[in-house]
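Chains as they are written, first to last, in our numbering: chain A, 93 to 454; chain B, 4 to 175.
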């Protein structure tokens with residue numbers, strides 16, 4: 093059912109050639125919204141959920157932003173299809189496990205997805221490659237205002253937008269920025285960063301696995317509090333924290349380069365060699381090696397134009413995507429072979445690493 | 004060995020003693036082996052003492068009536084157990100229970116953000132229409148025709164505004 097999404101040549105996260113940036117992979121904002129006069133999804137029975145699903149799907153389909161978009165009833169998707177959508181961050185794991193009467197509307201280009209009957213009636217999400225809090229907010233704010241013209245949203249003057257869980261009350265806004273932080277991880281500073289930002293109401297989670305040594309060195313940093321501040325205040329304070337994290341990351345990288353130059357070049361060179369020649373590779377290993385290739389792009393050792401390839405491979409190396417591409421149920425062993433095949437093929441198209449570029453940066 | 008400590012959930016002997024600092028507040032809890040496992044304390048990932056404490060079923064204070072939401076049937080016990088509300092009307096019903104939770108959770112307890120002006124003005128004009136329709140029917144039944152004419156004119160006015168789209172863009 094989801095073929096057209098997977099093969100879409102203009103999907104934001106897998107094909108964003110120009111917008112990807114060093115350190116920051118992508119920016120996401122989601123808004124939690126509910127309908128007046130309907131129990132929240134967890135409290136609702138199947139009939140009520142279906143009614144909300146149908147009504148919301150109709151209204152969403154009428155919005156210009158959803159022109160040529162696709163709607164999926166979660167019940168119609170296979171386990172594998174759901175996993176692929178989760179790996180693309182288009183739906184949540186909670187939505188997959190939901191009862192009957194859940195669905196998702198995804199726009200053309202996959203910058204916007206709206207989950208229906210997850211924890212709240214509506215979970216609207218906009219996503220862009222790179223560090224783009226302001227422009228993503230503009231997009232989602234416009235979309236939300238448009239939707240409000242036809243849907244009566246639950247709102248109170250005191251508490252703002254009313255949500256199933258009080259943790260999302262008020263603005264219902266959660267902004268998450270995906271960051272690539274090899275410098276902080278390698279220099280052992282990640283633990284400290286996580287502790288420092290959590291004091292500021294900001295959460296850090298590993299994208300693949302928890303803790304400070306998440307594979308791929310990729311972390312998701314987001315605001316925790318939603319009430320008592322305006323949207324722009326929330327976004328601004330998150331942006332300030334992120335800018336500091338970016339500075340620390342860049343410092344850590346250059347310090348590592350200064351102190352352990354040969355080691356860094358060796359790690360990047362070996363990562364390239366393995367990805368280009370391996371025949372069996374697990375997803376964790378692939379992610380960790382791809383992290384060094386992304387670092388190589390940041391250091392100018394690979395052309396900027398290939399950054400998007402690396403970011404795409406991070407997504408396409410995940411278990412669901414490898415299995416989906418194989419078009420049949422394959423065992424984990426065979427999956428590691430299929431993953432290696434794909435990476436070898438992709439890496440044979442990349443230019444050789446230009447180690448001289450690193451010399452120039454000193 | 005802290006032999007005298009009892010599990011804060013079931014009164015068995017507590018063997019797990021946990022301290023977490025969240026938002027500069029110290030949370031302490033003593034648990035027996037069974038309850039610790041049930042609450043996922045042994046799971047090093049994602050366990051939050053604050054979450055557990057805010058969701059722990061509080062023993063009902065004697066004399067405290069169990070509140071229930073007239074719209075969806077959600078009860079105060081449901082909120083204490085799950086930390087979630089049943090519908091948007093629950094926020095008024097359980098206001099006194101929700102408020103203290105918000106103080107710990109957020110930067111403030113009052114909404115400072117976006118207001119859905121279009122949806123609100125539509126909802127309020129809808130309510131107004133409903134009320135006027137009721138008044139009109141009553142006036143007709145009571146043969147108070149002068150009043151009825153007044154209500155009819157007001158209804159007409161709102162409907163015309165609505166059709167012209169004026170209500171959709173005017174602030175609340």
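Glycine residues also receive a C-beta, built at the ideal position from the N, C-alpha and C atoms.
Every value quoted in this text rests on a predicted model; they were computed, and no experiment measured them.
So who's on the other strand from residue i, going by DSSP bridges?
i                      : result
residue 275 of chain A : According to DSSP, residue 275 of chain A bridges with nothing at all.
residue 20 of chain B  : B:33
residue 247 of chain A : A:253
residue 165 of chain A : A:195
residue 112 of chain B : DSSP output for residue 112 of chain B lists no bridge partner at all.
residue 78 of chain B  : B:71
residue 123 of chain A : A:216 and A:265
residue 118 of chain A : A:221 and A:270
residue 99 of chain B  : Its beta-bridge partners do not exist; DSSP assigns none.
residue 298 of chain A : A:311
residue 9 of chain B   : B:16
residue 208 of chain A : A:195 and A:214
So, at 7 Å on beta carbons, what are the nonlocal neighbours of residue i in its own chain, with the 5 sequence-adjacent residues on each side left out?
i                      : result
residue 101 of chain B : 94
residue 413 of chain A : 176, 179 and 407
residue 132 of chain B : 158 and 161
residue 18 of chain B  : 35 and 36
residue 172 of chain A : 412, 415 and 416
residue 93 of chain A  : 164, 168, 169 and 173
residue 154 of chain B : 135, 138, 139 and 142
residue 161 of chain A : 197, 198, 199 and 200
residue 150 of chain B : 142
residue 257 of chain A : 211
residue 252 of chain A : 261, 262, 263 and 319
residue 398 of chain A : 389 and 442
residue 98 of chain A  : 176 and 416
residue 116 of chain B : none
residue 396 of chain A : 389
residue 371 of chain A : 429 and 432
Since residue i and residue j should fall inside the 8 Å C-beta cutoff, what is the C-beta to C-beta distance between them, to a whole number of angstroms?
i                      : j                      : result
residue 363 of chain A : residue 346 of chain A : Rounded, the Cβ-Cβ distance is 19 Å, inconsistent with contact.
residue 392 of chain A : residue 449 of chain A : 4 Å
residue 246 of chain A : residue 128 of chain A : 5 Å
residue 196 of chain A : residue 341 of chain A : Not quite, the Cβ-Cβ distance comes to about 33 Å (not below 8 Å), so this is no contact.
residue 315 of chain A : residue 294 of chain A : 6 Å
residue 366 of chain A : residue 381 of chain A : 6 Å
residue 142 of chain A : residue 190 of chain A : Not quite, the Cβ-Cβ distance comes to about 12 Å (not below 8 Å), so this is no contact.
residue 376 of chain A : residue 290 of chain A : Actually they are not in contact, since the Cβ atoms of residue 376 of chain A and residue 290 of chain A sit about 26 Å apart, beyond 8 Å.
residue 418 of chain A : residue 432 of chain A : Contact doesn't hold; Cβ gap of about 13 Å is too wide.
residue 76 of chain B  : residue 321 of chain A : Between residue 321 of chain A and residue 76 of chain B the Cβ distance is about 33 Å, and since that is not below 8 Å, they are no contact.
Tell me which same chain residues have a C-beta within less than 6 Å of the C-beta of residue i, skipping the five on either side of it?
i                      : result
residue 74 of chain B  : 90 and 92
residue 71 of chain B  : 78
residue 61 of chain B  : Residue confidence for residue 61 of chain B is low, a pLDDT of 46 falling below 50, so the modelled location carries little weight; the figure read from the coordinates is stated next. Correct list, in chain order: 83.
residue 228 of chain A : 119, 121, 218 and 220
residue 103 of chain A : 202
residue 277 of chain A : 309
Grab me the residues of residue i's own chain with a C-beta within less than 8 Å of its C-beta, minus the 5 sequence neighbours each way, in chain order.
i                      : result
residue 361 of chain A : 445 and 447
residue 186 of chain A : 210 and 211
residue 69 of chain B  : 63, 78, 79 and 80
residue 184 of chain A : 178, 207, 210 and 215
residue 130 of chain A : 136, 140, 143, 144 and 213
residue 299 of chain A : 270, 306, 308, 310, 311 and 312
residue 352 of chain A : none
*What beta strand (DSSP E) runs, 3 residues minimum, are completely inside the stretch 302-377 of chain A?*
Qualifying beta strand (DSSP E) stretches, in chain order: 310-315.
*asked:* I want to know whether the stretch 206-223 of chain A touches the stretch 142-158 of chain A - three or more CB-CB distances under 8 Å.
replied: Enough Cβ pairs lie closer than 8 Å, so yes.
*Do the stretch 129-138 of chain A and the stretch 282-292 of chain A touch if we need at least three Cβ pairs shorter than 8 Å?*
Here the stretch 129-138 of chain A does not lie against the stretch 282-292 of chain A, with fewer than 3 beta-carbon pairs under 8 Å apart.
*For the 8 Å Cβ check, are there 3 or more pairs between the stretch 121-133 of chain A and the stretch 257-277 of chain A?*
Yes: at least three Cβ pairs fall under 8 Å.
*Which runs of the beta strand (DSSP E), 3 residues or longer, sit entirely within the stretch 415-452 of chain A?*
With a minimum length of 3 residues, there is no unbroken run of beta strand (DSSP E) contained wholly in the stretch 415-452 of chain A.
*Looking at C-beta atoms only, is the number of pairs between the stretch 215-234 of chain A and the stretch 191-203 of chain A that lie closer than 8 Å three or more?*
Touching, yes.
*asked:* For the stretch 322-340 of chain A against the stretch 266-277 of chain A, do three or more pairs of beta-carbon atoms, one drawn from each stretch, fall closer than 8 Å, so that the two count as touching?
replied: Short answer: they touch.
*Is there contact between the stretch 227-241 of chain A and the stretch 78-89 of chain B, where contact requires at least three CB pairs shorter than 8 Å?*
Not touching, per the Cβ criterion.
*asked:* Closer than 8 Å is the cut-off here; do at least three beta carbon pairs connect the stretch 141-152 of chain B with the stretch 106-116 of chain B?
replied: Proximity of the stretch 141-152 of chain B to the stretch 106-116 of chain B falls short of the contact definition, fewer than three beta-carbon pairs being nearer than 8 Å.
_So, does the stretch 7-14 of chain B touch the stretch 427-443 of chain A, judging by three or more C-beta pairs under 8 Å?_
Contact fails: fewer than three Cβ-Cβ distances are below 8 Å.
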